[in-house]
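Down below is the structure, laid out as structure tokens.
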Amino acid sequence: MSFTGKWNITINTPMGNQEGVLELVQDGDSVTGTMSAQGDNVAIENGRVEGDNVLWDVNVSKPMPLTLSFKGEKSGDNLGGSVQLGAFGQSTFEAVAV
Numbered sequence: 001m002s003f004t005g006k007w008n009i010t011i012n013t014p015m016g017n018q019e020g021v022l023e024l025v026q027d028g029d030s031v032t033g034t035m036s037a038q039g040d041n042v043a044i045e046n047g048r049v050e051g052d053n054v055l056w057d058v059n060v061s062k063p064m065p066l067t068l069s070f071k072g073e074k075s076g077d078n079l080g081g082s083v084q085l086g087a088f089g090q091s092t093f094e095a096v097a098v
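The sequence shown lines up with residues 1 to 98 when you count with the numbering used here.
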């Protein structure tokens, strides 16, 4: 299973849904790429594949500086899963292939 692709991502947050674009490139168990939202384009960090899951972190500056830690799995061409919102707890995300 490859996690290489491009998705429109929606993150459910206490401040409402945050939308952006996620691009992942898988090379073996390593994952790189970018996530773009609210005019920022940030690099994927700590990207890796573990079994049927893909995990990655992004450091965002808007709406406030924090690290988002994602754990997702594929459903068809789409991704979905959980996201740790820094100190703001855990939530969910959905990513639809484009």
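We put the CB at the ideal spot given by N, CA and C, even for glycine.
Presumed contact (8 Å Cβ cut-off) between residue i and residue j, rounded CB distance
i     : j     : result
Ile11 : Leu24 : Actually they do not touch by this definition, with Cβ atoms about 15 Å apart.
Gly86 : Thr67 : 6 Å
CB of residue i within 9 Å of CB of residue j, strictly
i     : j     : result
Val54 : Val21 : no
Ser91 : Pro14 : yes
Phe3  : Val42 : no
Val96 : Asn8  : yes
6 Å Cβ shell around residue i - same chain, five flanking residues per side excluded
i     : result
Gly47 : Val31, Thr32, Trp56
Ser69 : Asp57, Gln84
Lys6  : Glu23, Val98
Glu94 : Thr10, Gly80
Close beta carbons around residue i, own chain, < 8 Å, minus the five adjacent residues each side
i     : result
Glu73 : Asp52, Asn53, Val54, Leu79, Gly80, Gly81
Proximal residues to residue i (C-beta, below 7 Å), its chain only, five neighbours per side dropped
i     : result
Gln38 : Lys62
Hey, which unbroken runs of the beta strand (DSSP E) at 3 residues or more fall wholly within the stretch 5-80? Listed in chain order, the beta strand (DSSP E) runs fully inside the stretch 5-80 are 5-13, 16-27, 30-37, 40-43, 45-50, 53-60, 66-75, counting runs of at least 3 residues.
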